[in-house]
Amino acid sequence: MVLSANRNELFHEAAKFIYSCYVELELSYEEQIMRVKEIEEEIMQSGTYTHKEFEVKHGAKMAWRNSNRCIGRLLWESLEVFDERQVTTVEEAFDKLAHHIRYATNEGDIRSTITVFAPRKHGVDPLRLWNHQLIRYAGYEQDSSVIGDSTSIELTKMCERLGWKGERSAFDVLPLVIQEDGKLPKLFDVPKELIKEVPIIHPELKDIADLEMKWYAVPIISNMLLDIGGIEYPMAPFNGWYMGTEIGARNLADPDRYNMLPSVAKLMGLNTKSSRSLWIDKALVELNIAVLHSYQEAGVTLVDHHTAAKQFKVFEKKERECGRQVTGNWTWLIPPLSPAATHIYHKPYKNDIVTPNFFTQKDPE
Ligand code: ARG
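Everything in the sequence shown is counted per this note's numbering, starting at 1 for the first residue and increasing by one.
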């Protein structure tokens, strides 16, 4: 029997995945052969194949391990995987997403978690999420300025078109926008009690509290596609926990995000007239100290960038010992604060794409 080009490619991807997955799980050579044969027949008959639950679970972990932008990969094996491929309705999906948020948040003791929904089948995505993260703040354009998170402006407009109304604060959590194939997307408010947030305070600079900054506890990326053995899962939200700089050196600091450095510098009494006073750098450091301190005080898991880099070094060593090449995207791996103080800065990484992996994908139609 000859498979068509597409089916042949899928079979090739599947076989590659099964071999590496089964070897890692120490399953026998006979089992590999049998499973690959079975998959070949399924593809021949239906054009696709269905993962066993343990294949989804290990495949998702491998995808994390292969994520070139992620500095936190040492913990790839600890990923909790919820297999929700049977879900067909947006209402049920919302239940599962609420469960994901509650489980992952764990009152601050964050658990790395992924929930895998139904795969693409014959080009159709049964379910899709429009949100970039399950919890993220809205952004509103106002004349020349922005209230809230500028990265959310488009999605916020869409939510408003679908009838949602935010309070227009800088920290309105967007509703979940879930879509069933062929239908209009539906909005679901995330219950307040599920959203853990951390007010930003500073151990010495007490005035920082007056800026009324805060951030949410858990970053749950929800718009990427998970590819395991050629099977594409377009809805598979996943989370780890934050590295402090993501919030302190980017979300709250970037001039086109919350742009808080001028306000921090002001309360520190710095000379913001001359860049040579390094007021930006000083304010950045204090804002990042504030983020680390605040999450600690709130009992919410978060890692500093020096510790994260050390953990990444252990990951590199472990991978070498397992005979696997570590791929990485240097531009993403280096922290935005004091990058040259980490070992990552001083060596090259090959940005080769290995599967299973997570991929960016187009917004749903
Ligand atoms: N950088 C993104 C943010 O600030 C989150 C990306 C995922 N981060 C993580 N630590 N898992 O919201």
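By construction, the Cβ of each residue, glycine as well, lies at the ideal position given by its N, Cα and C atoms.
Please read all numbers here as calculations on a predicted model, not as lab measurements.
Practice prompt. For the beta strand (DSSP E) containing N357, list its first residue and its last residue.
Written response: 357 to 360
Practice prompt. Could you please give me the residues that DSSP links to I231 through a beta bridge?
Written response: I228
Worksheet item: Can you round the beta-carbon distance between I43 and R7 to whole angstroms, since I take them to be within the 8 Å contact cut?
Response: 5 Å
Worksheet item: Is Y295 closer than 7 Å to V218 when the C-beta atoms are compared?
Response: no
Worksheet item: How many whole angstroms separate the CB atoms of A283 and P336, which I take to be in contact at a CB cut-off of 8 Å?
Response: Contact flag wrong, Cβ pair sits at about 14 Å.
Worksheet item: Name the DSSP beta bridge partners of D149, please?
Response: The partner list for D149 (beta bridge, DSSP) is empty, contrary to what the question assumes.
Worksheet entry | N- and C-terminal bounds of the alpha helix (DSSP H) containing G139 | Element bounds for G139: not the alpha helix (DSSP H) but the beta strand (DSSP E), 139 to 142.
Worksheet item: Buried or exposed: which applies to G139, given that a residue is buried once 16 or more other Cβ atoms fall within 10 Å of its Cβ?
Response: buried
Fill in: Exposure of D125, with buried meaning 16 or more beta-carbon neighbours within 10 Å
buried
Discussion item. Closer than 6 Å to a non-hydrogen atom of the ligand ARG - does that hold for the CB of Y103?
Written reply: no
Discussion item. Is E246 near the ligand ARG - that is, is its Cβ less than 6 Å away from at least one heavy atom of it?
Written reply: yes
Item to complete: Per DSSP, which residues does V116 bridge with? Please list them.
Response: D83
Discussion item. From the DSSP secondary-structure annotation, give me the bridge partner or partners of Y216.
Written reply: E197
Discussion item. For the ligand ARG, I want to know if P219 counts as a neighbour, meaning its beta carbon is within less than 6 Å of at least one of the ligand's heavy atoms.
Written reply: yes
Discussion item. Looking at the ligand ARG, does it come within less than 6 Å of Y216, judged from the CB to the closest heavy atom?
Written reply: no
Worksheet entry | Between the CA atoms of G108 and E174 - distance to the nearest angstrom | Checking the displayed sequence, the identity of residue 174 turns out to be Leu instead of Glu. Going by the C-alpha atoms only, they are around 21 Å apart.
Worksheet entry | DSSP-derived helix/strand/coil call for Y49 | coil
Worksheet entry | Residue of W215, N288, A118 minimising C-alpha distance to D149 | W215
Worksheet item: Using the C-alpha atoms, what's the distance from L127 back to V87?
Response: 9 Å
Worksheet item: Closest to N288 by CA distance: which of E365, W332, L205, R69 is it?
Response: L205
Fill in: Limits of the beta strand (DSSP E) - the one that E13 falls within
Segment 5 to 24 is the alpha helix (DSSP H) holding E13; no beta strand (DSSP E) there.
Worksheet item: What did DSSP end up calling Q296 once you bin it into helix, strand or coil?
Response: helix
Fill in: Reduced DSSP secondary structure (H/G/I, E/B, other) of T156
helix
Item to complete: Output the distance between the C-alpha atoms of K362 and Q179, rounded to the nearest integer angstrom.
Response: 14 Å
Worksheet item: By the 10 Å Cβ neighbour count, where 16 or more other Cβ atoms means buried, how is A308 classified, buried or exposed?
Response: buried
Worksheet item: Is any heavy atom in the ligand ARG found nearer than 6 Å to the beta carbon of G407?
Response: What the structure shows of the chain is the stretch from 1 to 365, and residue 407 is not part of that stretch, so it cannot be assessed.
Worksheet item: Could you give the C-beta distance for L176 and V190, rounded to a whole number, given that I count them as a contact under 8 Å?
Response: 6 Å
Discussion item. Residues in the same chain with beta-carbon distance under 6 Å from M62, minus the five sequence neighbours each way, listed in chain order, please.
Written reply: P356
Fill in: the region 60 to 80 in contact with the region 33 to 52 per 3-pair CB rule at 8 Å
no
Worksheet item: Exposed or buried, which one is H346 when buried takes at least 16 other CB atoms within 10 Å?
Response: exposed
Worksheet item: Is the beta carbon of Y242 within less than 6 Å of some heavy atom of the ligand ARG?
Response: yes
Discussion item. Am I right that R120 and P234 are in contact with their C-beta atoms under 8 Å? What's the rounded C-beta distance?
Written reply: 6 Å
Worksheet item: If you run the structure through DSSP and keep just helix, strand and coil, what is F171?
Response: coil
Discussion item. Considering only heavy atoms of the ligand ARG, does any lie closer than 6 Å to the CB of N106?
Written reply: no
Discussion item. Do H343 and A317 count as a contact pair if the criterion is CB distance below 7 Å?
Written reply: Note that residue 317 is Lys in the sequence shown here, rather than Ala. No, they are not a contact pair.
Worksheet item: What three-state label does DSSP hand N239 in the structure shown?
Response: strand
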